[in-house]
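The listed protein sequences derive, respectively, from chains W and Y.
Start counting the first sequence at -10; every next residue gets the next number (our numbering).
Start counting the second sequence at -10; every next residue gets the next number (our numbering).
There are 2 protein chains.
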Amino acid sequence: MEFFKTLTLTEIKACLAVLPRHDSDMEMIPIDQALHRVTSRDCHASYAIPMFNRSTVDGYAIKSVETIGSTDSIPSFFTLVGEVRMGEISKNSIAEGEAIYVPTGGMIPEGADAMVMIEYAEKIDDETLLIYKPSPPGAHISYRGDDVDEGDVIVSKSKKITPYDMGLLAGAGYKEVPVFKRLKVAVISTGDEIVDVSDPIEIGKIRDVNGYALLGRLKELGCEVVMKVLVKDQFELLQSTVKEALDRADLVLLSGGSSVGTRDFTSNVITSFEKSELLTHGIAIKPGKPTIIGKVGEKHIVGLPGHPASALIIFNTIVMPLILAYEGRVYKPFTVKAVLTENVHAAAGKDTFQMVHLTPSSDGWVCDPIYAKSGMMTLLSNASGYIHMTNEEEGKRAGSIVDVALLQEVQA
Amino acid sequence: MEFFKTLTLTEIKACLAVLPRHDSDMEMIPIDQALHRVTSRDCHASYAIPMFNRSTVDGYAIKSVETIGSTDSIPSFFTLVGEVRMGEISKNSIAEGEAIYVPTGGMIPEGADAMVMIEYAEKIDDETLLIYKPSPPGAHISYRGDDVDEGDVIVSKSKKITPYDMGLLAGAGYKEVPVFKRLKVAVISTGDEIVDVSDPIEIGKIRDVNGYALLGRLKELGCEVVMKVLVKDQFELLQSTVKEALDRADLVLLSGGSSVGTRDFTSNVITSFEKSELLTHGIAIKPGKPTIIGKVGEKHIVGLPGHPASALIIFNTIVMPLILAYEGRVYKPFTVKAVLTENVHAAAGKDTFQMVHLTPSSDGWVCDPIYAKSGMMTLLSNASGYIHMTNEEEGKRAGSIVDVALLQEVQA
């Protein structure tokens, strides 16, 4: 076994730079397919929204100064000179003493600077209108460009598109949206003892857990999983599978093989390629120490630990930020403050990730540490999130307020 | 215009019951397609995980009592009687004074009750092993059923399947997963002034914003949008479109038509069907008052307000809980505590939803209220979440700690 320094989490993150993506990594997709894709450039509005001054109520467009002093007992009198129809350009304009009916969303006619709601107006006959309440300038009008001005950035580059962004983009006329192509990822599960869920199982074997959990996480992040295979612990077989993966994918994930022998296997496969480089053989992190990270050309290969919980924590702390970096995004976990119910200990000299379960209380969130033996999948499926203790911390005391990074949706 | 009582949020929620879904609303799908689908029954483990007692380290299986007192200077002696190979059933068992090599994940042989890591052992020759450290009973062993016991519920009914659940389900042998069929939803945008993003726009018209924002929210919730159409304000046209929607979908959403005339239109269309019922014509909620909810048979029709922000708030507060209820899920928004930077006012007698923007501080989250005129889409795309003030509250004071329900992912 070659000797490689075990890097700290900070050290390995510092050397995990990715190249900015090229124009060929971008594509235009229809707006109705854009949910959760990531914009590849700033999206500007080519016209103002609203495009014209609109009424936000059903009522009458008037000159606001002429409503001053109007009351129930002393209303103002107006001459009704027309009606604006929805979706049509208002041909009318109003002069002094005139009013025009405008429905919600209709265009404000020239000369008017306020709307009076129908509740405060009364039509005496076809031409005469009484108004019982003053309406200040601008009342109930949404002005041209109030929502978005021409040229405004409505969705900035490298943003994961939300439903609200979809509405804005549609409103601004984007029938297609510029996004990054989905990152192609290969997932290779290794180990003589691993059996796929579709195959029969027998004592001594275990089912591939990591492959499916990783598939789920990758889909959540918008990646395209171009390969998901299971390979026995044979050097040539693993080498040819990794070669195929490097040809087809932008990023290669290996999982399984936590034993020392298998770890060497993985690193030897990585270094067997031309232009390869082993960035680290082990990370000072708990759980997740037996992690191998290498590069072949510009493509990263990450050898995840075999234990499911460890593999997924390395995925969340190292692989996910790498995937986001390809799209120009900087990962910062969403954290909530919570009161810790028990002392927790950090592993000496290691970045420690302590899984916790959140429960609501009247004062906010409370978190209980969850312990499980190495390798348990239930650790993650039961956890709400984790506390990250750096390699300089000794632990956290019961009763202290800690930052919990969310792993999944939490139902109160 | 017929008179209908405006209900409170609590009242309308109380009358929005849905029928439990039938067997015909469930389906089996391949595990690799299961992300974010919702389980239609409890998923049990048909065997224990692990299926056998496994080593969690590379090392030697021994009887722990025989390591008591071992030190660097006075090691214990063991006879090496074999090796367990990965993925194979251990044929060996150990007697007193014996040890067997077991790799990480390998099966613990009979007679052994602890593992000693290779770091604390030394092979003198092919048959002789020195152990330098005591290993307590159970050390470095993951016992049969430690993660999941036979018969345990691994993913309960009505749970949205996470990547971690996918791993667990695969581990338990679920190559197919029982889920609810996607709820079929129709989205109908109405209004003479509305133009689809794919059509040319002219002054006086506005683009369909709500249709796309709703499409995004529905996809996020796992629904299948079976119809997304734009209809002019003509009674017969709207009626025939709603009829088609009722035939094809489980739930019908109408959006647009905030003017009084259009609102009547929507309610008249609903009541024109046999077995129809108008549940409410207006809700005491801000924003979102002009909301119409009806039923035709067992299918709900929701007429959302035309203003985008109002429509989406009604979607999130009323339609989303309804959609989740079809799958047996109870919606509770995920909230974080935040310090409010300004006084906010509740509308008298109404449930008020105040959009806010969250920013991190050293003591936790701080939230600023966001104000915008009616109908602005940017209100929602810029908001992190909202404060819900009930119809009995008058508002919240600057400096007070409020619960912010998250609208979208927040990047610190």
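All residues carry an ideal CB built from backbone N, CA and C; glycine is no exception.
Chain Y within 8 Å of residue i, Cβ atoms only
| i | result |
| --- | --- |
| L157 of chain W | yes |
| L301 of chain W | yes |
| E225 of chain W | no |
| D61 of chain W | no |
| I78 of chain W | yes |
| T254 of chain W | The sequence given here places Phe at residue 254 of chain W; Thr does not occur at that position. Not an interface residue. |
| T(-5) of chain W | no |
| V137 of chain W | yes |
| G271 of chain W | no |
| K2 of chain W | no |
| T230 of chain W | no |
| M216 of chain W | no |
| E72 of chain W | no |
| G160 of chain W | yes |
| D236 of chain W | no |
| M366 of chain W | yes |
| P310 of chain W | no |
| D239 of chain W | no |
| G140 of chain W | no |
Exposure label - residue i; buried when at least 16 CB within 10 Å
| i | result |
| --- | --- |
| E(-9) of chain W | Low confidence applies to E(-9) of chain W: its pLDDT is 47, below 50, so where it sits in the model is not reliable enough to give any reading. |
| Q343 of chain Y | buried |
| F254 of chain Y | buried |
| G205 of chain Y | buried |
| C4 of chain Y | exposed |
| S373 of chain Y | buried |
| F224 of chain W | exposed |
| K339 of chain Y | buried |
| H289 of chain Y | buried |
| D61 of chain W | exposed |
| P125 of chain Y | exposed |
| M378 of chain Y | buried |
| V319 of chain Y | exposed |
| A88 of chain W | buried |
8 Å Cβ cutoff, residue i in contact with chain W
| i | result |
| --- | --- |
| R196 of chain Y | yes |
| K146 of chain Y | no |
| L204 of chain Y | yes |
| I89 of chain Y | no |
| N199 of chain Y | yes |
| I192 of chain Y | yes |
| E209 of chain Y | yes |
| D357 of chain Y | no |
| Y49 of chain Y | no |
| T151 of chain Y | yes |
| T93 of chain Y | yes |
Beta bridge counterpart(s) of residue i as assigned by DSSP
| i | result |
| --- | --- |
| R74 of chain Y | According to DSSP, which records beta bridges pairwise, R74 of chain Y is partnered with nothing at all. |
| L119 of chain Y | Y:F66 and Y:E111 |
| A128 of chain Y | For A128 of chain Y, which the question treats as bridged, DSSP gives no partner whatsoever. |
| L193 of chain W | As written in the sequence, residue 193 of chain W is Gly, which differs from the Leu given in the question. Partner(s): none; G193 of chain W has no beta bridge. |
| M104 of chain W | W:A50 |
| T179 of chain Y | Y:V220 |
| F304 of chain Y | Per DSSP, none; premise fails for F304 of chain Y. |
| L243 of chain Y | Y:I177 and Y:G292 |
| Y90 of chain W | W:Y49 and W:E72 |
| R43 of chain W | W:M96 and W:S131 |
| L(-4) of chain W | W:I272 |
| H334 of chain W | W:G384 |
### Query
Name the residues in the region 8 to 27 of chain Y whose C-beta lies less than 7 Å from a C-beta of chain W; which are they?
I20, D21 and L24
### Task
Please list the residues of the region 274 to 296 of chain W that have a C-beta atom closer than 8 Å to any C-beta atom in chain Y, keeping them in chain order.
G295 and H296
### Message
Does the structure place the region 383 to 394 of chain Y close enough to the region 328 to 342 of chain Y that three or more beta carbon pairs sit under 8 Å?
### Response
yes
### Query
Listed from N- to C-terminal order along the chain, which residues in the region 316 to 348 of chain W have their beta-carbon within a distance smaller than 9 Å of any beta-carbon of chain Y?
R318, V319, Y320, K321, P322, F323, T324, V325 and K326
### Query
Does the pairing of the region 146 to 158 of chain Y with the region 356 to 370 of chain W give three or more beta-carbon distances under 8 Å?
yes
### Query
What residues in the region 95 to 129 of chain W bring their beta carbon closer than 7 Å to a beta carbon of chain Y?
M96
### Cβ-based contacts, 9 Å cut-off: residues of the region 163 to 186 of chain Y near chain W
Y163, K164, G180, D181, E182, I183, V184, D185 and V186
### Message
Could you check whether the region 232 to 247 of chain W touches the region 200 to 219 of chain W, counting it as contact only if at least three pairs of C-beta atoms, one from each stretch, sit closer than 8 Å?
### Response
yes
### Query
Between the region 27 to 41 of chain W and chain Y, which residues of the former have CB atoms less than 7 Å from a CB of the latter, in chain order?
P39, M40 and F41
### Query
If we count Cβ pairs, one from each stretch, closer than 8 Å, do we get three or more for the region 225 to 236 of chain Y versus the region 169 to 178 of chain Y?
yes
### Query
Taking one C-beta from the region 36 to 50 of chain W and one from the region 89 to 97 of chain W each time, how about it: are there three or more such pairs within less than 8 Å?
yes
### Message
With three or more beta-carbon pairs closer than 8 Å as the criterion, would you say the region 341 to 358 of chain Y touches the region 126 to 139 of chain W?
### Response
no
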